[in-house]
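Everything on this sheet refers to the single structure shown next.
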Amino acid sequence: MKTIRHLLLLLSTCIIGFTYLQLHTFSIFTPYQPYISILWNMTLCILIGLLLSWHAFLSQFKQFSIVSTLCGILLVTLVAYIGHYLYSQYIGTPPINRFSSQLSWQVLLYALPFMLIGEECLSTNLLIAFSGLKLPFYMSTTIVSFLFAMWHLPVFHNQYFYLLLTIFPVRLLLNIFWKKSNSIWVSFMIHYVFDLLAFIVFYHVPL
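Numbering (the numbering used here), first residue to last: 18 to 224.
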């Protein structure tokens, strides 16, 4: 029974991730398209996490580590910067986030947290499912990180190499800090602070 639930969790999360990706490409919902995709992903990921893996899903919300969070912010920022630098030096001009023109402090403070908690639940649901299916963590985190990078293709204009140099290693680190701390709040806070810094530095959201 547990195996079936974990398989269902894996399959349903992948479907949600695919539809989340597709919602980024639809123009019918403009200008509300980003907000619809955010609510879609966050709501469904939380619901299936609760329905199919109640204990494991809830347990990750009960811990927090400030030390892990601070270390994660530093390491993730460094790794992302290195990936961004390597791409710009040896491959080409880094792509611009397609939603950068819509960025404002209202978006960063009121929309971004919901988007990121949805993305964290998307990733941790997959990790929980793979763990329940007895897949080693080094394999599951590699798969999840690759999928996570590919889910960003529409946002970064289908630049595969850029995503593999930046988003992929960032997700690997987020997964590792989540695993070590058993806390989704740790990976969420690392992710949130990192995105804030990236948007301020690269997209010049005014302070």
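No residue lacks a Cβ here, since even glycine has one placed at the ideal position from N, Cα and C.
Residue i versus the options, residue with shortest Cα-Cα distance
{"i": "Leu125", "options": "Ile63, Pro51, Thr86, Ile65", "result": "Pro51"}
{"i": "Ile21", "options": "Tyr37, Ser70, Cys62, Tyr179", "result": "Ser70"}
{"i": "Ile134", "options": "Ser54, Phe178, Gln39, Leu91", "result": "Ser54"}
{"i": "Leu24", "options": "Leu40, Gly66, Gln39, Leu61", "result": "Gly66"}
{"i": "Met10", "options": "Ile33, Gln39, Leu87", "result": "Since the first residue of the chain shown is 18 and the last is 224, residue 10 is not available in this structure."}
{"i": "Val93", "options": "Phe216, Val210, Leu61", "result": "Val210"}
{"i": "Ala97", "options": "Ile193, Phe185, Ser200", "result": "Phe185"}
{"i": "Met132", "options": "Ser29, Leu213, Leu26", "result": "Leu213"}
{"i": "Ser157", "options": "Trp168, Asn142, Met167", "result": "Asn142"}
Rounded straight-line distance, which links the Cα of residue j to that of residue i
{"i": "Ser204", "j": "Leu182", "result": "19 Å"}
{"i": "Gly149", "j": "Ala73", "result": "10 Å"}
{"i": "Lys151", "j": "Leu191", "result": "20 Å"}
{"i": "Tyr37", "j": "Glu137", "result": "13 Å"}
{"i": "Tyr253", "j": "Leu170", "result": "With the chain covering only 18 through 224, there is no way to say anything about residue 253."}
{"i": "Tyr2", "j": "Ser105", "result": "Any property of residue 2 remains undetermined from this structure, which presents the chain solely from 18 to 224."}
{"i": "Leu75", "j": "Gly109", "result": "43 Å"}
{"i": "Phe219", "j": "Lys19", "result": "44 Å"}
{"i": "Gln176", "j": "Leu91", "result": "25 Å"}
{"i": "Ser198", "j": "Lys79", "result": "10 Å"}
{"i": "Trp202", "j": "Lys196", "result": "12 Å"}
{"i": "Leu6", "j": "Ser85", "result": "A question about residue 6 goes unanswered here, because the residues of the chain that appear run from 18 up to 224."}
{"i": "Pro77", "j": "Ile33", "result": "Here residue 77 turns out to be Gln, not Pro, going by the sequence shown. C-alpha separation (whole angstroms): 20 Å."}
{"i": "Gly89", "j": "Thr60", "result": "26 Å"}
{"i": "Leu139", "j": "Ile99", "result": "26 Å"}
{"i": "Leu28", "j": "Tyr107", "result": "37 Å"}
{"i": "Ile160", "j": "Phe154", "result": "10 Å"}
{"i": "Pro112", "j": "Phe216", "result": "13 Å"}
{"i": "His101", "j": "Phe163", "result": "17 Å"}
{"i": "Leu56", "j": "Thr30", "result": "15 Å"}
{"i": "Phe173", "j": "Ile193", "result": "24 Å"}
{"i": "Arg188", "j": "Ser200", "result": "15 Å"}
Assigned exposure category for residue i - 16 Cβ within 10 Å defines buried
{"i": "Asn58", "result": "buried"}
{"i": "Phe165", "result": "buried"}
{"i": "Ile83", "result": "exposed"}
{"i": "Gln123", "result": "exposed"}
{"i": "His208", "result": "buried"}
{"i": "Ser121", "result": "exposed"}
{"i": "Arg115", "result": "exposed"}
{"i": "Leu144", "result": "buried"}
{"i": "Phe35", "result": "exposed"}
{"i": "Leu26", "result": "buried"}
{"i": "Leu225", "result": "A query on residue 225 cannot be resolved here, the shown segment of the chain reaching from 18 to 224 and no further."}
{"i": "Leu68", "result": "exposed"}
Kindly provide the ranges of any alpha helix (DSSP H) runs that are 4 or more residues long and lie completely inside the stretch 44-105, ordered along the chain.
50-69, 71-76
Suppose only complete runs of 4+ residues qualify. What are the alpha helix (DSSP H) ranges in the stretch 116-192, listed by chain order?
Under the rule that a run must span 4 or more residues, the alpha helix (DSSP H) segments found entirely inside the stretch 116-192 read 122-127, 129-149, 154-167, 177-182.
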